[in-house]
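Right, one structure below, let's go through it.
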Amino acid sequence: MTTTQNPKGTGPSQTIPASPEKSAATIALGWLHTARFLTTAPQLHFLPELDVPEIAFVGRSNAGKSTCINTLTQQKQLAFASKKPGRTQHINLFALGKQGATDAVLTDLPGYGYAAVPKQDKIRWQQVMANYLVTRKNLKAIVLMCDPRHGMTELDEILLDVIRPRVAEGLKFLVVLTKADKLTRSEGAKVLSITKLQAGGGEVRLFSATKRTGIDDVATLLWDWAHPDTPSPEAPAIPAIDAQ
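Residues in the sequence shown are numbered consecutively from 3, following my numbering.
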């Protein structure tokens with residue numbers, strides 16, 4: 003906050019709140035809006051080797067992953083939401099960066115756990131995802147989508163176990179509780195508290211595309227993770243006006 007004196011000196015000083023969070027979110031959302039399709043791959047070895055930070059989005063089918071990505075990037079159809087959950091089985095990469103330069107990549111991993119997918123396909127994709135999460139060298143952060151009405155499932159817990167060693171080495175981790183608009187305030191607070199315990203040190207945020215909940219916060223977090231050497235933008239200080 004910045005304190006200024008009444009210009010005429012006749013009244014109490016006024017406190018004008020600065021808004022660094024809003025400024026940071028504006029920068030972050032502007033950056034995310036630059037997202038553009040880079041490539042798609044059916045298997046891990048088809049992915050290009052990159053030297054920019056990579057942020058992967060994972061989660062069960064129907065957890066709202068595509069909606070979350072499209073909301074954060076302010077694009078309606080960047081991430082493809084299949085009418086048949088679990089059928090989209092490609093790894094999709096989206097480049098981020100202004101003026102055509104790429105300074106980070108978003109990775110959209112296939113949804114997992116859908117009952118209608120044949121067992122052999124489930125096993126194959128579990129192996130592909132595990133290999134990606136363990137071996138992808140430039141992977142800097144993982145965003146796990148979770149429907150708070152169902153909580154973290156056994157498959158979500160397995161994913162956490164897979165990445166735990168990398169998290170211990172510095173990999174960033176965020177659980178996004180999607181569809182938060184389906185919860186009451188007390189339900190949201192309860193599931194947030196429970197998930198923080200389950201996340202084992204990872205960040206947890208409530209998120210709703212419908213009510214615009216958590217969008218600024220998640221966007222800023224992703225920007226910070228992709229730019230660890232760049233301080234978060236802050237709103238300019240408002241100069242004090244001396245009393246006359």
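Even glycine gets a Cβ: it sits at the ideal position worked out from N, Cα and C.
Taking N94 as the centre and dropping the five residues before and after it, the same chain places the C-beta of T42 and D110 closer than 6 Å to its C-beta, in chain order. Setting aside the 5 residues that flank it on each side, A228 is surrounded in the same chain by P55 and A106, each with a C-beta closer than 6 Å to its C-beta; the list follows chain order. Scanning L224, L49, L162 and M154 for the CA closest to the CA of L194 turns up M154. Apart from sequence neighbours up to five positions away, the residues of its chain that approach T75 with a beta-carbon distance below 7 Å are L34, H35 and A37, ordered along the chain.
Three or more beta-carbon pairs separated by less than 8 Å are not found between the stretch 124 to 144 and the stretch 62 to 76, which leaves the two stretches without contact. Here the C-alpha atom of P230 lies approximately 34 Å from the C-alpha atom of L185. The three-state secondary structure of G102, taken from DSSP, is helix. Going by C-alpha positions, E189 is about 40 Å away from L49. The stretch 51 to 70 and the stretch 198 to 207 do not touch, with fewer than 3 CB-CB distances between them shorter than 8 Å. In this structure, S210 places its C-beta atom within 8 Å of the C-beta atom of G216.
The C-alpha of F175 lies about 12 Å from the C-alpha of V164. CA-CA distance, P112 to I29, rounds to 28 Å.
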